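Q:
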Amino acid sequence: MAGKTADPVDRKIESEFEKLDLNHDDHLDWSDYETLIGRYLQTARVSENDRRARALRAFYQLHWLELLRYAGVEGDRLSRNQFVAATRLATTDSSRLNVAEVGGHVIFDLIDTNGDGEISKDELANYLRGVWQIDPSDAAYSLEVLDRDGDQVISRSEFVSGINEHLETSRRTAARR
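Just so you know, the sequence shown maps onto residues 13 to 189 in this note's numbering.
(1) Using three-state DSSP, classify glutamate 130 as helix, strand or coil.
(2) Ordered along the chain, which non-local residues of its own chain (more than five positions away) have a Cβ less than 8 Å from that of valine 111?
(3) Helix, strand or coil, according to DSSP, for lysine 31 in the structure here?
(4) Measuring only from the beta carbon, is phenylalanine 29 closer than 8 Å to any heavy atom that is part of the ligand ATP?
(5) Please tell me whether isoleucine 49 and arginine 64 are closer than 9 Å, where the distance is taken between their beta carbons.
(6) Span of the alpha helix (DSSP H) holding arginine 69?
(7) Could you work out which residue in Asn35, Phe29, Ala56 is closest to isoleucine 123 when comparing CA atoms only?
(8) Excluding sequence positions up to five away, which residues of its chain have a Cβ less than 8 Å from the Cβ of valine 172?
(9) Can you look up serine 91 in the DSSP assignment and give me helix, strand or coil?
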């Protein structure tokens with residue numbers, strides 16, 4: 013596929029692009045994020061008026077505007093290469109929106125469907141399948157990676173730390189460039 017690179021961080025970001033490009037037009041625009049938000053709400057079984065839904069929408073709106081700003085585009089669309097470059101910048105600029113901290117808490121609240129303050133293997137599998145359309149069998153691996161204390165559930169701090177570590181790869185690689 014055109015635009016693919018050998019850089020592992022770029023590949024990770026390109027994979028995210030492919031999952032977000034829900035209408036498969038090789039560009040991202042707000043409608044792709046609207047569809048993603050809809051998947052979150054349907055998977056978590058919450059209405060548009062729910063506080064968690066409003067927080068998710070606010071987070072993604074701010075994140076989208078930051079990506080457009082970093083890309084320096086005039087319009088409201090990003091190509092694959094623009095998305096990769098903007099995502100690298102957005103995840104390395106600690107003076108702006110902290111994606112892991114803000115997004116991590118917002119997303120945790122939606123994955124934790126029973127509200128017990130932890131993400132179970134079933135909740136994680138439901139999220140992976142419903143939002144990202146990833147095989148639920150990957151939930152066991154994801155749980156193992158994120159569950160630092162081995163109690164078979166993911167705490168809020170474990171989840172946010174996992175997102176931070178995922179993004180840290182981008183930060184370290186960008187710093188070497």
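All residues carry an ideal CB built from backbone N, CA and C; glycine is no exception. These figures come from a predicted structure and were not determined experimentally.
A: For this structure:
(1) For the purposes of this step, residue 130 is taken as the residue at position 118 of the sequence shown. The answer is strand: DSSP assigns glutamate 130 an E or B state.
(2) Translated into positions along the sequence shown, residue 111 becomes position 99. Cβ neighbours of valine 111 within its own chain (closer than 8 Å, five residues either side excluded): His75, Ala102, Thr103, Ile175, Leu179.
(3) Translated into the one-based positions of the sequence shown, residue 31 becomes position 19. Here DSSP, grouped into helix, strand and coil, assigns lysine 31 to helix.
(4) No copy of the ligand ATP appears in this structure; indeed no ligand is present at all.
(5) For the purposes of this step, residue 49 is identified with residue 37 of the sequence shown, where counting begins at 1. For the purposes of this step, residue 64 is identified with residue 52 of the sequence shown, where counting begins at 1. Between isoleucine 49 and arginine 64, the gap from beta carbon to beta carbon reaches 9 Å or more.
(6) In the sequence shown, the residue the question calls residue 69 occupies position 57. Per DSSP, the continuous alpha helix (DSSP H) segment holding arginine 69 begins and ends at 63-83.
(7) Numbered from 1 along the sequence shown, position 111 holds the residue referred to as residue 123. Comparing Cα positions, the closest option is Ala56.
(8) If you number the sequence shown from 1, residue 172 lands on position 160. The answer, listed in chain order, is Ala112, Glu113, Gly116, His117, Phe120.
(9) The sequence position of residue 91 within the sequence shown is 79, counting from 1. Strand, per DSSP.
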